[in-house]
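**Q**
In the numbering used here, the protein residues as written are 2 to 87.
(1) Please report how far the alpha carbon of residue 64 lies from the alpha carbon of residue 27, in whole angstroms.
(2) When burial is assigned at 16 or more other CB atoms within 10 Å of the CB, is residue 35 buried or exposed?
(3) Give the straight-line distance between the Cα atoms of residue 4 and residue 20, rounded to the nearest whole angstrom.
(4) Considering just the uninterrupted stretch of the beta strand (DSSP E) at residue 50, what are its terminal residues?
(5) Within the same chain, show all residues whose beta-carbon is closer than 6 Å to that of residue 62, passing over the 5 residues directly before and after it, in chain order.
(6) Checking 7 Å against the spacing of the C-beta atoms, do residue 131 and residue 71 come in under that value?
(7) Quick one: grab the DSSP three-state call for residue 21.
(8) Grouping DSSP H, G and I as helix and E and B as strand, with all else coil, what is residue 86?
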């Protein structure tokens, strides 16, 4: 089994796919774990920042699936999160 990585993406969803379970499909169909970090959803489209965790090959297939549905996917640079007090 390949090692798991986490990558962040900006995603722009066209209005024609609003309401389709695309994020669920990533999890169920591609065996990756999507985590929506922030987003704005309207009747005319959506913009999300999503972190996807899984094998690199599965993430790549998941991104290709989204693009085939009309989603514009842009890789984002990794950001380090601040340490949380324990």
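Beta carbons are placed, not taken as given, at the ideal position from N, Cα and C, and that holds for glycine.
**A** To lay it out plainly:
(1) Between residue 64 and residue 27, the C-alpha separation is close to 9 Å.
(2) Residue burial annotation: residue 35 is buried, with at least 16 other C-beta atoms found within 10 angstroms of its C-beta.
(3) One alpha carbon belongs to residue 4, the other to residue 20, and they sit about 32 Å apart.
(4) According to the DSSP assignment, residue 50 belongs to the beta strand (DSSP E) that extends over 46-56.
(5) When the five nearest sequence neighbours on each side are left out, the beta carbons in the same chain lying within less than 6 Å of the beta carbon of residue 62 are those of 31, in order along the chain.
(6) This structure cannot speak to residue 131, because the chain is shown only from 2 to 87.
(7) DSSP, reduced to helix, strand and coil, places residue 21 outside both helices and strands of the structure shown, so it counts as coil.
(8) Here the model assigns residue 86 a pLDDT of 47, short of 50, so the residue's position is not dependable, and the following value carries that caveat. In the structure shown, residue 86 falls within a coil segment according to DSSP collapsed to helix, strand and coil.
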